[in-house]
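Numbering (the numbering used here), first residue to last: 1 to 395.
These notes concern the structure reproduced below.
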């Protein structure tokens, strides 16, 4: 199928490319390219797919050799900016204002890039800016002063952009309601292997093993509630072990908690791990367990589905949207004893091959790179980009 046909499918009634702008470049602005976590990975995946057909540039508000090693073509506007150093973001955005092409679409990735850019950009630049929002779901506002301030700042600046793209329906609804935005578009993250053929042999978890391996993948932050998993281990038999993949500010506290609970010998903290290795770990585990209070998309659920490993997730809107449609598994409560019971159930009564086949077809329909990138191109052309070729790889 050609991009032209897909774009026609997703274009709004009466929608056409912007006529008064002739741009052949899409400029992405991010706060960092590395370390590669969820946001950075979906950005790089999208850029890789789009760049096969269009001219894509990535500019980072800050970075170093690690960012360039991750994406050699990235333009760095200065040293890494994290924590309090984000006060320098506005001056970096002003620098980007001078560098950005006079034509073509501009995509700002995440709230930390969007806020300084929308303050620094000219009116003409804002009219061709797309905000790609990943984090401002309502659940994160309840107990976080920082998120409340960011949401307030976004309410004052996001309406000046051409379009806001949300990565899930629940996030799109929250943005439309809290910011009174008239044009919030939902485009899910693309999943690189969503279009790959269904392979039942990919399921290897638990093969030839007497013990049960549980894996958790995600940043070690308060919102991820990894402490619930450690507390759940207390209720599981001793032959159950837990692998925790990811880094973050809560690691020391979580390591201390595992010792206090007496489960430290059954828990392994791996820290930041290359993505290919993470997928291997998921594939060789008996269940992926996810304890996050909130998610905007739920990439870990999808990847577990791809690896044919069942998911146990605590209840949040993303979990209910993703499980079992895109990832077979169980949605449970936030109580450690219920998490433990669901882990046992997921391992003793695993999803069938038919369950995995149905979830594969759903991922193919909604997250395939060709489909997702075509939806992006519709929005990009409305913001000033033009130059899509007629076909991709002859399809």
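All residues carry an ideal CB built from backbone N, CA and C; glycine is no exception.
Model, not experiment: these values are computed from the prediction.
{"Item": "From residue 381 to residue 270, what distance separates their C-alpha atoms?", "Value": "43 angstroms"}
{"Item": "Does residue 52 pass the burial test, meaning 16 or more other C-beta atoms within 10 Å, or should it be called exposed?", "Value": "exposed"}
{"Item": "Can you say whether residue 363 is buried or exposed, counting buried as having 16 or more other CB atoms within 10 angstroms of its CB?", "Value": "buried"}
{"Item": "Going by DSSP, name the residue or residues bridged to residue 275.", "Value": "DSSP output for residue 275 lists no bridge partner at all."}
{"Item": "Under a three-way DSSP split, which group does residue 140 fall into?", "Value": "helix"}
{"Item": "Mind checking which residues open and close the alpha helix (DSSP H) that includes residue 28?", "Value": "Premise fails: residue 28 lies in the beta strand (DSSP E), 25-30, not in any alpha helix (DSSP H)."}
{"Item": "Assign residue 272 to buried or exposed, taking buried as 16 or more other Cβ atoms, counted over all protein chains shown, within 10 Å of its Cβ.", "Value": "exposed"}
{"Item": "What are the boundary residues of the beta strand (DSSP E) that residue 329 is part of?", "Value": "329-332"}
{"Item": "With DSSP as the reference, label residue 71 as helix, strand or coil.", "Value": "coil"}
{"Item": "Please confirm whether residue 375 and residue 187 have their CB atoms less than 7 angstroms apart.", "Value": "yes"}
{"Item": "How about residue 112: is its C-beta nearer than 7 angstroms to some C-beta of chain B?", "Value": "Although the question refers to chain B, the structure presented lacks it and comprises just one protein chain."}
{"Item": "In the structure shown, what three-state DSSP assignment does residue 90 receive?", "Value": "helix"}
{"Item": "According to DSSP, residue 133 sits in a beta bridge with which residue or residues?", "Value": "166"}
{"Item": "Tell me the residue span of the beta strand (DSSP E) that contains residue 185.", "Value": "184-186"}
{"Item": "Pull up the distance between the alpha-carbon of residue 42 and that of residue 320, whole angstroms please.", "Value": "21 angstroms"}
{"Item": "Between the alpha carbons of residue 23 and residue 125, how many angstroms are there, rounded?", "Value": "With a pLDDT of only 46 at residue 23, under 50, the local geometry of the prediction cannot be trusted, and the value read off the model is given with reservation. Distance between the alpha carbons of residue 23 and residue 125: 12 angstroms."}
{"Item": "Taking DSSP as the reference, what is the three-state secondary structure of residue 240?", "Value": "strand"}
{"Item": "Which stretch, first to last residue, makes up the beta strand (DSSP E) that contains residue 81?", "Value": "Segment: none, residue 81 is in no beta strand (DSSP E) and carries neither H nor E."}
{"Item": "Tell me residue 246's beta-bridge partners as DSSP assigns them.", "Value": "271"}
{"Item": "Just how far apart, CA to CA, sit residue 172 and residue 228?", "Value": "28 angstroms"}
{"Item": "Between 105, 131, 103, 316, which lies nearest to residue 115 when the distance is taken from Cα to Cα?", "Value": "131"}
{"Item": "Less than 7 angstroms separating the beta-carbons of residue 343 and residue 312?", "Value": "yes"}
{"Item": "Could you check the C-alpha separation between residue 220 and residue 226 for me, to the nearest Å?", "Value": "7 angstroms"}
{"Item": "Give the secondary structure of residue 235 by DSSP, where H, G and I count as helix, E and B as strand, and everything else as coil.", "Value": "coil"}
{"Item": "Taking contact to mean at least 3 C-beta pairs separated by less than 8 angstroms, is the stretch 255-265 in contact with the stretch 282-289?", "Value": "no"}
{"Item": "Provide the residue span of the alpha helix (DSSP H) that contains residue 313, from first to last.", "Value": "That residue, residue 313, is in no alpha helix (DSSP H); its beta strand (DSSP E) goes 311-314."}
{"Item": "Return yes when the Cβ of residue 27 is within less than 7 angstroms of the Cβ of residue 137, no when it is not.", "Value": "no"}
{"Item": "Beta-carbon within less than 6 angstroms of residue 299's beta-carbon, same chain only, minus the 5 sequence neighbours each way: which residues are those?", "Value": "38"}
{"Item": "Going straight from the alpha carbon of residue 127 to that of residue 83, what length do you get?", "Value": "30 angstroms"}
{"Item": "Between the alpha carbons of residue 169 and residue 92, how many angstroms are there, rounded?", "Value": "32 angstroms"}
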